[in-house]
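There are 2 protein chains.
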Amino acid sequence: MPGQIREPGRTVTSRVLAVLDAFGPDDTDLSLAELCRRTGLAPATAHRLAGELVAWGGLERSGDHHYRIGLRLFEIGMRAPGRYGLSNIALPFLEDLYEVTRENVHLAVRDGHHAVYLHKITGRRAVGAPSRSGGRLPLHATGMGKALLAFSDYELAEETIAAGLSRYTSHTITSPGLLRRALVQIRRRGFSVAAQEYSLGTVSVAAPVLSADGQALAAISVVVRSSRANVARLGPAVRTAAMGISRQLSSTSAASRERVG
Amino acid sequence: MPGQIREPGRTVTSRVLAVLDAFGPDDTDLSLAELCRRTGLAPATAHRLAGELVAWGGLERSGDHHYRIGLRLFEIGMRAPGRYGLSNIALPFLEDLYEVTRENVHLAVRDGHHAVYLHKITGRRAVGAPSRSGGRLPLHATGMGKALLAFSDYELAEETIAAGLSRYTSHTITSPGLLRRALVQIRRRGFSVAAQEYSLGTVSVAAPVLSADGQALAAISVVVRSSRANVARLGPAVRTAAMGISRQLSSTSAASRERVG
Chain L
1 MPGQIREPGR
11 TVTSRVLAVL
21 DAFGPDDTDL
31 SLAELCRRTG
41 LAPATAHRLA
51 GELVAWGGLE
61 RSGDHHYRIG
71 LRLFEIGMRA
81 PGRYGLSNIA
91 LPFLEDLYEV
101 TRENVHLAVR
111 DGHHAVYLHK
121 ITGRRAVGAP
131 SRSGGRLPLH
141 ATGMGKALLA
151 FSDYELAEET
161 IAAGLSRYTS
171 HTITSPGLLR
181 RALVQIRRRG
191 FSVAAQEYSL
201 GTVSVAAPVL
211 SADGQALAAI
221 SVVVRSSRAN
231 VARLGPAVRT
241 AAMGISRQLS
251 STSAASRERV
261 G
Chain P
1 MPGQIREPGR
11 TVTSRVLAVL
21 DAFGPDDTDL
31 SLAELCRRTG
41 LAPATAHRLA
51 GELVAWGGLE
61 RSGDHHYRIG
71 LRLFEIGMRA
81 PGRYGLSNIA
91 LPFLEDLYEV
101 TRENVHLAVR
111 DGHHAVYLHK
121 ITGRRAVGAP
131 SRSGGRLPLH
141 ATGMGKALLA
151 FSDYELAEET
161 IAAGLSRYTS
171 HTITSPGLLR
181 RALVQIRRRG
191 FSVAAQEYSL
201 GTVSVAAPVL
211 SADGQALAAI
221 SVVVRSSRAN
231 VARLGPAVRT
241 AAMGISRQLS
251 STSAASRERV
261 G
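See below:
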């Protein structure tokens, strides 16, 4: 099989995964030429690998030499165990929060220095928010991320600071000292607020889903229009829902095995 | 790279995908031994491929020689384009239906002879339903599936019949003649009803999301407890929501490119 050893230094597996990685969050589909450009693969190799992925269902053809992510990958991705256990328990609580607020409601877990959004509930009246299911946003600039940071080991905050606090708006916390102080306050209050720190016009209020030993397993948030934000009212509601999820998680025997993040 | 050509007749790609396929909908994690059993791979090969998938993030280690699906696959799977476009437009309509009914609300597309569930909204009072996001259920035995069948080419129904109408409960339609008559009635009414045809105790009411030429692109359903089912009330609500999604899909220029199924 000469095609499989033509590019020394890259395993076939890494080339298959590079094809999947080529698809970004905003790509509806990619041409074969674009796939080659993004992966550095030769056209014949990219064509063959994409063909194998199409046969499996992980990619779908979307016109002449164009590909998109297929339903098979969606199905398998939904088996990430954080989705079940955690998601099944959290969903009714998220719906309760949506009913009370009619705003964007989210569930996320931490992955490195990002919050990965497992669920987003949104309605007709909710403000347009940059979050989406399957998306990821930076820890230090979102309510969700600050709730995850505040209830994780101290080292995580220091690593996040060391990795650099990128600025997204004029309200983003980019000073290590300010971030550390904000995290202390979040730990004390039990919920976090991010006011236009990642995107202008929105305020996010978040609270952690905690393990029995007080570590954040996940977090939930409500994102509202800045002009409508009533933090005094939202904070306790979000915190109460997060506590309900925490309690139900720890009362299920599977809780420790379902731990994610 | 001798390890990559040790098992003739299977490409490396097919072996990587076999590792992913080994994870079923109900598997929290799998041991290396179980991975080998399900894939037919030699332990050294399975261990190496799983290691590459862990390094990429598609699998995560969950204890000694145990693996589970990782967040990276969840993120990539969520890029299946049916999710955006269709999902973004459908979500507020689904939330409306949830608010009106407080029951299980779903969005699904067709894949072969199954409905693949893209979204499930559920609350505290909703009946336990076998559906889940990322799951798939048979076309002929669910309200969702019958709505997709009724508004697809006639050949699809005949292929589904030829593939065999499996029985799930004593109410499942297993007679080709009865299924054909049911589909005619669904086309006329604009919505489908499945009363305990896949699982006892639940009734599903579904309606198609239609393209401009009247073909089902997707379908939505509400699943309620049999004892609470008020089809006369649910049918028009589900149909109205589906028509709203159809209208908004066809008014977005991207509609034809986002077509899924």
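Protein chains in written order, with UniProt numbering: chain L, 1 to 261; chain P, 1 to 261.
We put the CB at the ideal spot given by N, CA and C, even for glycine.
- Comparing C-alpha distances from Arg225 of chain P to each of P:Gly70, P:Pro43, P:Arg15 and P:Glu103 shows the shortest one belongs to P:Glu103.
- Remark: C-beta atoms of Gly58 of chain L and Leu71 of chain L do not approach each other more closely than 7 angstroms.
- Under the DSSP assignment, Asp21 of chain L falls in the alpha helix (DSSP H) whose first and last residues are Val12 to Asp21.
- Of the residues assessed, Pro130 of chain P falls on the exposed side of the cut-off, its CB having fewer than 16 other CB atoms within 10 angstroms.
- The count of Cβ pairs closer than 8 angstroms, one atom from the stretch 167 to 179 of chain L and one from the stretch 233 to 252 of chain L, stays below three, leaving the stretches out of contact.
- Arg188 of chain P carries a helical assignment under DSSP once its states are collapsed to helix, strand and coil.
- Taking the beta carbon of Arg124 of chain L as reference, the chain P residues within 9 angstroms of it are Pro92, Phe93, Glu95 and Asp96, listed in sequence order.
- Contact of Ile245 of chain L with chain P is not assigned, every C-beta pair being separated by 7 angstroms or more.
- In chain order, Ala115, Val116, Tyr117, Leu118, Met144, Ala218 and Ala219 place their CB closer than 7 angstroms to the CB of Ala108 of chain P, counting only its own chain and leaving out the 5 sequence neighbours on each side.
- Under the DSSP definition of a beta bridge, Lys120 of chain P partners with P:His106.
- Ala44 of chain L counts as exposed, since fewer than 16 other beta carbons sit within 10 angstroms of its beta carbon.
- If the five residues before and after Leu137 of chain L are omitted, its C-beta is found closer than 6 angstroms to the C-beta atoms of Ala115, all from its own chain and listed in chain order.
- Note on Tyr98 of chain L: 16 or more other CB atoms within 10 angstroms of its CB, so buried under the neighbour-count rule.
- For Ala163 of chain P against Gly190 of chain P, the beta-carbon gap comes to about 26 angstroms, at or over 8 angstroms, which does not count as contact.
- Shown here, Glu197 of chain P sits in coil according to DSSP, grouped into three states, outside any helix or strand.
- Bridge pairing for Ser204 of chain P: P:Ala194 and P:Val223 [DSSP].
- Assigned with DSSP and collapsed to three states, Tyr67 of chain L falls in strand.
- Chain-order list of chain P residues neighbouring Phe151 of chain L: empty, with the shortest C-beta distance near 19 angstroms, by a criterion of under 9 angstroms.
- Taking the beta carbon of Leu107 of chain L as reference, no residue of chain P falls within 7 angstroms; the closest one sits roughly 12 angstroms away.
- Rounded to the nearest whole angstrom, the C-alpha separation of Glu95 of chain L and Thr11 of chain P is 45 angstroms.
- Taking C-alpha positions only, Ala42 of chain P is separated from Gly134 of chain L by approximately 33 angstroms.
- Within chain P, no C-beta atom comes less than 9 angstroms from the C-beta of Ile89 of chain L; the nearest is roughly 11 angstroms away.
- Annotation for Arg239 of chain P: the continuous alpha helix (DSSP H) segment containing it runs Val231 to Ser251.
- Residues of the same chain with a CB within less than 6 angstroms of the CB of Ala216 of chain P, apart from the 5 flanking positions on each side, are Leu148, Phe151, Ser152 and Pro208 in chain order.
- The DSSP-derived three-state label of Arg132 of chain P is coil.
- Just so you know, the alpha carbons of Val105 of chain L and Lys120 of chain P end up roughly 15 angstroms apart.
- If you ignore the 5 residues before and after Ala46 of chain P, its C-beta comes within less than 8 angstroms of the C-beta of Val19, Leu32, Leu35, Cys36 and Thr39, all in its own chain and listed in chain order.
- Closest in alpha carbon position to Phe23 of chain L, among P:Glu75, P:Val205 and P:Gly214, is P:Glu75.
- If you check the CB distance, Pro25 of chain L and Arg124 of chain P do not come in under 7 angstroms.
- For Leu49 of chain P, the uninterrupted alpha helix (DSSP H) run begins and ends at Pro43 to Trp56, by DSSP.
- By the rule that beta-carbons nearer than 7 angstroms mark a contact, Glu159 of chain L does not touch chain P.
- Looking at L:Ala50, L:Ser87 and L:Ala195, the one whose alpha-carbon comes closest to that of Asp29 of chain L is L:Ala50.
- Within 8 angstroms of the CB of Asp213 of chain P, no CB atom of chain L is found; the nearest one sits about 18 angstroms away.
- Burial state of Thr252 of chain P is exposed, judged by a 10 Å Cβ sphere holding fewer than 16 other Cβ atoms.
- Pairing Asp27 of chain P with Arg228 of chain L, the inter-Cα distance amounts to about 43 angstroms.
- Straight across, the Cα-Cα distance linking Val203 of chain P with Arg167 of chain P is about 16 angstroms.
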